[in-house]
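Structure, as C-alpha cells:
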Amino acid sequence: MQDVRCEPRNAPDGESSARVSAVFRAVPPWEHKYTAGKRSGLSGMTLSAEGVWRASAGQLCMVGCLGVGDKACHSRVCLYVQTTFTATRRSITVGQITRIDGGGGVAHFPLTIKRTVHPTELWNRFGVSGGAPLSMVYNYTKVKQAGEFLRRSEPFDFGTVLAKSLLSYPRVAAADAMGLSNLADDLTLHVPAVPDPFPRERFERPFFQLEVLSLGSLVGRNSLAAQSTPFSGMPGERGMGRASSASSSQPESSSTSSQPAEASLLNVSAELSLSGEPYANVSSLFLEGVYNPVNGRMYLIGCRSVQASRQAFSTLKGVEDGMDCSIEMRVEYPPTTARWLINPTAKVHIASTRDAGDPLRFNTTALQTLPILYREQRQDILSRRSVEGILRIATLAAAIAAEFSQLMYIKANTDVMPYVSLVMLGVQAVGYSVPLITGAEALFARIAAGSDGAVPPSYEVDKSTLYWTIDCIVKILILAAFLLTLRLAQKVWRSRIRLLTRSPLEPGRVPSDRKVLLYSSGAHLVGFTVILLAHYVSVYSRPVRDEGSYMDARGRTHALREWAVTLEEYIGMAQDFFLLPQVIGNVVWRINCKPLKKSYYAGVTAVRLLPHLYDYIKAPAINPYFAEEYEFVNTSLDFYSRFGDVAIPLVAVALAAAVYVQQRWNYKIISKTVKTQQKKLQHLGSRVYERLPSMSSANFEAELVSGVNEGVGLRRDTSLS
C-alpha cells in the first residue's frame, strides 16, 4: 500500500472522516519488492483505489481499479485499523480485497490481507519517537489459563522458599508508568541461546527474541516526555496505553487475590521470535500470561498462526481465529542479587499441550540463553572492573612483599643464594613483562587515537578517573614486581659467579640451570602437546562455528589461529606452575639447604591461585564494553574452565608442597638411603681449598689442599713437641 493521500473532511453528523486514495501493488516472491514498489504501469498486479476513512469505526472502504476506465473498477477494498490487541489479534491492520460484478455479488473468494507489527515498531511509529498519537489497548484473555499453568508448575518446596528469601528478581521499582516501562525493558530479551542440556553433537545456535508488548496496565513503553502526562491511558498519550482483563477470576494485576504470592503477579503479553530450522514450529509466537517477580518466572500461553486450507481447518481441533493456542511457555530469569555467584542466564521451556498424534503437536523445546544484563547491571560492569582492579592491586602488593622477603632472606643467607633457580625467576619475569608490554601498547593506542578520533575498545566506556588511577597503580606495581624479580635474578647470577671463582677446578659443583631449563622445557612441551590434542578433540566433539576469522569491537577482521590461542592460554597456565623449575633444580642439584623462604613460595603460590578461586566462586558475565573483561583471568579461554579452576590450583599446591619437603627432608632421606654417594651431594661451601690463619710474625696466607693440610699440621705439631 503506497502513495496514500488523505483529504480530511467533516460529515454532516459531525463525524471525523477523510477521503483517501492509494495504490496497492502485489509482489510475487520471485520479484524484488523494492523494484516492484517503484513500477508505474497499471497492470493486473497494480490496483489503484480511493474511498472514505471513518475514524469512529477505524474503517477504510475503497473501490479499486485494475486498469483504466470505469469497466476496470470491479474491486472492493476494506481495511480496519485495530488499536485493541489480544493473544489472537496482534495485527494493526486487517482487511480484504474482493471482486464485485455488475450486480454487486462476490465473484470469488476474498483475498485477506493483514499487517502484523512487531511491538517495537508499533510504539516507535505511534509512540515515543513521534507520529500520530494513538491510544493502544490490550485485552488479556489467557490470564486464567496461565494462572493454572503457574499453580501446576510451582509446588511448595522449602528450598524454593529459602531461595526466594535470599534472592531477588526483576520487579517494579515504582508504582507508576515509568516503573512498569523499566521492568518491561528488563524482561525483554534479545540474546543467542543454546539447547538445554548442552548437546555433544553439532547444532545450530538460535537467536532468542522476547519482546514485551504490555505489562500490567501499561501497553508499550513510557518516555520521559510522557511522564508529565497523567497515566490514564486516554487517547493522545504517546508510547503507552491501557490494558484490561477479560477474566473475572484474575484481575488486571492480581491485586485482589487472597494469596500473597498471587498478589504480586503481573499480567504480561509478549511476542517470541526464534531463529533456526529446528525451531520452525515455535519460530513466531504471540504470548500472554503472568509474571511472578518473587521468583522471576513468567508463565505464558502461546498462540501461533496455522497455515492450512479451508478443508484442513475443519479437521483441526482447538483453533481460535486461525491460531493454535495450545502452547505453554515458561521463562526463568536470573536473579538481580548474587549475580557474580549465579550464572546470569535465562531458561526457556516451550511445550505443546495437545495429545500425542495431533497434527499440531510438536516436541518440547528447552533453551538456555547466554548471560544477560539488566538495566542496573549495565552499570555494574564498571563497578565490577574497579573491584577486580582493587583485588589486582592487593595481590600484586602481596606478591611484591613475598619477593622482598625472599630478597632479604638471601642477603642474610648468602650460602643458599646460588641454589635459587634462574628459570623460575625467568618465568615470573615473563609473566610480569607481558601486561607491561600490552598495557603500553594500549596506552600508546589511546594517545594516537586522539588525532584520528578512533578510540580503542578498552577505553570507549572506561573514561573515569578512578579506573585510570587503578590502571596506573596496577602498571606501577607490575613494574615494581618485575624489577624486584630482576634484582633477585641478578643476586643469584652474581653468587654463582663468585662460587665458580672460588672453585674454578670444580665447575660441576656450581649450580647450573641448563638441565633445569631442558627438563622444564621438555615437560611443558609435552604438556602443551597433550593440551593441544585435547583441545582439538574437544573442538571436533562439540559444535563450533565454521569460521576462520573473527571481528573485534572496532569492526576489524582478524585471522583465527587455534594453536596460537592455545599457546597463549598455556603460557598463562605455566606461570601458575612457576615452582616446577625449582623442584627440578632441587632434584638435579641435590640440595642440602633452603634456597626459598617459606613465605616466598607459599605467598606467590597463593597469589597465583586467587584468580582461580575468584573465577570459581563467581559466575561469568558477558561484558559488551571491554574486550579484556577480567583483570584476573579470561574465562573464555579453555584453561580457565571449571575443571581448570580446580586442577591448576591442585598442581600448584602440590609443587609448593614438594619444595617444602625437599628443603626439609630431602638431604636426610638421601643420606640415609644412599650413603655411598654422600660425597656427591652439594654442600654449602667448597673444601678444595682452605685458608689458614696468619702466623705470629710473618703475615702471610697459604692455601693448601685439604689432605696435605692435615699432614703438614701433624708434622708441625711433632716438631714443636
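For what it's worth, the UniProt record's numbering labels the leading residue of the sequence shown as 1, then goes sequentially.
All residues carry an ideal CB built from backbone N, CA and C; glycine is no exception.
Less than 8 Å between the CB atoms is what I'm expecting for residue i and residue j, so what's the real figure, rounded?
i: H349; j: R330; result: 5 Å
i: L272; j: L210; result: 6 Å
i: A49; j: F24; result: 6 Å
i: V191; j: L370; result: 5 Å
i: T93; j: K114; result: 7 Å
i: A18; j: W53; result: 5 Å
i: G58; j: Y80; result: 6 Å
i: T83; j: S135; result: 6 Å
Tell me whether residue i is buried or exposed, calling it buried when 16 or more other Cβ atoms sit within 10 Å of its Cβ.
i: G431; result: buried
i: R221; result: buried
i: E403; result: buried
i: S153; result: exposed
i: R545; result: Here R545 scores only 46 on pLDDT, less than 50, and its place in the model is too uncertain to base an answer on.
i: P511; result: buried
i: G365; result: For the sequence presented, residue 365 should be read as Thr rather than Gly. Buried: at least 16 other Cβ atoms inside 10 Å.
i: M178; result: buried
i: M408; result: exposed
i: D186; result: buried
i: R608; result: buried
i: R9; result: exposed
i: T469; result: exposed
i: V646; result: exposed
i: K33; result: exposed
i: R151; result: exposed
i: R392; result: buried
i: E7; result: exposed
i: D13; result: exposed
i: Q307; result: exposed
i: V661; result: exposed
i: P344; result: buried
i: K38; result: exposed
i: I400; result: buried
i: L650; result: exposed
i: F578; result: buried
Relative to the C-alpha of residue i, which candidate in the options has its C-alpha closest?
i: Q96; options: R90, G64, F85 and T88; result: G64
i: S21; options: Q2, V416 and G179; result: Q2
i: C303; options: Q490, G296 and A351; result: A351
i: V587; options: Y600, W665, V282 and R205; result: W665
i: residue 747; options: L367, Q307, S503 and D576; result: The requested residue 747 does not occur in the structure, where the chain is confined to residues 1 to 721.
i: G41; options: E31, W30, V68 and Y34; result: V68
i: S326; options: N363, Y291, P344 and I342; result: N363
i: V492; options: A534, S421 and P649; result: S421
i: A602; options: L213, L499, Y374 and Q406; result: Q406
i: H74; options: I584, M62 and I400; result: M62
i: R171; options: A399, S214, N292 and P206; result: N292
i: Q294; options: G322, Y279, A280 and S264; result: The sequence shown places Val at residue 294, not Gln. Of the listed residues, the one whose Cα sits closest to V294 is S264.
i: R71; options: T83, Y80, I100 and G522; result: Position check: residue 71 holds Lys in this sequence, whereas Arg was assumed. Selected option, being the one with the closest Cα: I100.
i: C593; options: I410, L367 and Y616; result: I410
i: A523; options: A481, L483, S495 and L580; result: L580
i: A654; options: T605, H612 and L613; result: T605
Less than 7 Å between the C-beta atoms of residue i and residue j, yes or no?
i: Q582; j: M417; result: no
i: L266; j: G318; result: no
i: F149; j: Y299; result: yes
i: S305; j: Y138; result: no
i: E277; j: T88; result: no
i: T315; j: S168; result: no
i: E328; j: K142; result: no
i: L213; j: P359; result: no
i: Q145; j: I390; result: no
Can you tell me where the beta strand (DSSP E) with residue i in it begins and where it stops?
i: residue 738; result: Given a span of 1 to 721 for the chain in the structure shown, any question on residue 738 remains unanswerable.
i: I347; result: One detail in the question is off: residue 347 reads as Lys in this sequence, not Ile. That run of the beta strand (DSSP E) goes K347 to S352.
i: D324; result: M323 to E332
i: R152; result: Looking at the DSSP string, R152 is not in any beta strand (DSSP E); the run it does join, the alpha helix (DSSP H), is V143 to S153.
i: S264; result: Looking at the DSSP string, S264 is not in any beta strand (DSSP E), and its letter there is neither H nor E.
i: A36; result: Per DSSP, A36 belongs to no beta strand (DSSP E); it is in the alpha helix (DSSP H), K33 to A36.
i: G95; result: S91 to R99
i: V77; result: S75 to V81
i: W53; result: T46 to R54
How would you write the range of the alpha helix (DSSP H) that residue i sits in, first residue to last?
i: L500; result: T465 to R502
i: M298; result: Careful: M298 lies outside any alpha helix (DSSP H), inside the beta strand (DSSP E) at R297 to S305.
i: S181; result: A177 to L187
i: L580; result: L580 to W589
When every heavy atom of the ligand ATP is checked, does at least one fall within less than 6 Å of the C-beta of residue i?
i: H190; result: By its list of ligands, the structure shown contains no ligand whatsoever, and the ligand ATP lies outside what it can speak to.
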